[in-house]
């Protein structure tokens, strides 16, 4: 059953939690995705079968949570994640971050390391607003978003366009993790498909090189795309979680 958390920032966050043993597992979804995606539901089923605590949720402006997508930014969504983790879990958690959720998991690891027992990232996209969007915009696109505050981009995953706002870009610059020290003092398993057209494989290699920690591993899956949702990829995600838990 979907429950709701009213945060101190006035946002209403939809979530679903599965009781079970700790450390629990928290799934952090991607940009414009919600908690009903293939990976989130697969992990919830795995958690039920193995008796593991599990939490999935929608950022504000996503899914069943309050707010408009266009009004949100990385800082808001990281704040949403922290609020629901602090309110609805106990003790350290294993964070599983997909794409943008990978970036947010790194922000959480930096902000609340005492609540993180391990990290699994799937096509992690740290700093993508700057390294992906802004770096890839033409001069005309940069002018449009600076002048009007918004830019519409076609989406491969929806009929609706991605609306990229100036606020998203400007806030993203305040949330970067790749230009300052990034300590990950717990087991980290990074997963990346070589056929990912949204998050370059080089980003995974850059993150591996940049982060510091004694137990950080990167697995490249030849031919896997950004969805990372084939039966083999889903099995690899749970294997990675179990490795972190061990």
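Residue numbers (UniProt numbering): 1 to 246.
C-beta atoms are modelled at their ideal positions from N, C-alpha and C, and glycine is treated no differently.
Since the structure is predicted, the reported quantities are computational estimates derived from the model, not experimental observations.
* Distance, Cα to Cα, residue 178 vs residue 12? -> Separation of residue 178 and residue 12 (C-alpha to C-alpha, rounded to the nearest whole angstrom) is 30 Å.
* For the beta strand (DSSP E) that residue 48 lies in, which residues bound it at each end? -> From DSSP, residue 48 is part of no beta strand (DSSP E) but of the alpha helix (DSSP H) over 38–50.
* In angstroms with no decimal places, state the Cα-to-Cα distance between residue 78 and residue 140. => Rounded to the nearest angstrom, the two C-alpha atoms are 30 Å apart.
* **Supposed close pair residue 43, residue 27 - CB separation, criterion 8 Å** => Correct: roughly 5 Å between the Cβ atoms.
* **Cβ shell of residue 229 (< 7 Å), same chain only, five flanking positions each side left out** => Closer than 7 Å at Cβ, skipping near neighbours: 38 and 39.
* Asked: For residue 179, which of helix, strand or coil comes out of DSSP?
  -> If DSSP states are grouped into helix, strand and coil, residue 179 belongs with coil.
* To do: Locate the alpha helix (DSSP H) running through residue 244, then write down its first and last residues.
  => Start and end: 231–245.
* Is it the case that the Cβ atoms of residue 18 and residue 48 are separated by a distance below 7 Å? -> Closer than 7 Å, so yes.
* Starting from residue 114 and walking both ways along the beta strand (DSSP E), at which residues does that stretch end? -> For residue 114, no beta strand (DSSP E) encloses it, and the DSSP letter there is neither H nor E.
* Locate the beta strand (DSSP E) running through residue 247, then write down its first and last residues. => Given a span of 1 to 246 for the chain in the structure shown, any question on residue 247 remains unanswerable.
* Reference residue 148, options 131, 159, 166 and 133, closest by Cα -> For residue 148, the nearest C-alpha among the options comes from 166.
* To do: Please report the residue range of the beta strand (DSSP E) in which residue 63 lies.
  => Residue 63: not part of any beta strand (DSSP E); DSSP gives it neither H nor E.
* Asked: What first and last residue would you give for the beta strand (DSSP E) that runs through residue 190?
  -> Where residue 190 is concerned, the enclosing beta strand (DSSP E) stretches over 188–193.
* To do: Assuming residue 264 and residue 67 form a contact by the criterion Cβ under 8 Å, report the distance between their Cβ atoms to the nearest whole angstrom.
  => With the chain covering 1 to 246 only, the question about residue 264 has no answer from this structure.
* Asked: Are the beta-carbon atoms of residue 73 and residue 168 separated by less than 7 Å?
  -> Between residue 73 and residue 168, the C-beta spacing is below 7 Å.
* So is the beta-carbon of residue 71 under 6 Å away from any non-hydrogen atom of the ligand HEM? -> With respect to the ligand HEM, the structure offers nothing, as it holds no ligand at all.
* C-beta contact flag for residue 120 and residue 109 at 7 Å -> In this structure, residue 109 does not lie closer than 7 Å to residue 120 by Cβ.
* Asked: Would you report the Cα separation of residue 217 and residue 106, rounded to the nearest angstrom?
  -> So the two alpha carbons sit approximately 15 Å from each other.
* Asked: Would you say residue 118 and residue 244 are within 7 Å of each other, going by their C-beta atoms?
  -> Going by C-beta atoms, residue 118 is nearer than 7 Å to residue 244.
* Asked: With contact counted as at least three CB pairs below 8 Å, one residue from each stretch, are the segment 179–193 and the segment 205–213 in contact?
  -> In short, these stretches touch, since the Cβ pair count reaches three.
* Asked: When we look at the beta-carbon of residue 220 and count the other beta-carbons within 10 Å, is it buried (16 or more) or exposed?
  -> If you draw a 10 Å sphere on the C-beta of residue 220, you find fewer than 16 other C-beta atoms in it, and that means exposed.
* To do: Look up residue 225 in the DSSP assignment and say whether it is helix, strand or coil.
  => Reduced to three states, the DSSP call for residue 225 is coil.
* In this structure, what does DSSP give as the bridge partners for residue 122? -> 98 and 191.
* Work out the CA separation of residue 196 and residue 222 for me, nearest whole Å. => Between the alpha carbons of residue 222 and residue 196 lies a gap of roughly 10 Å.
* To do: Pull up the distance between the alpha-carbon of residue 151 and that of residue 99, whole angstroms please.
  => Those two C-alpha atoms are separated by around 21 Å.
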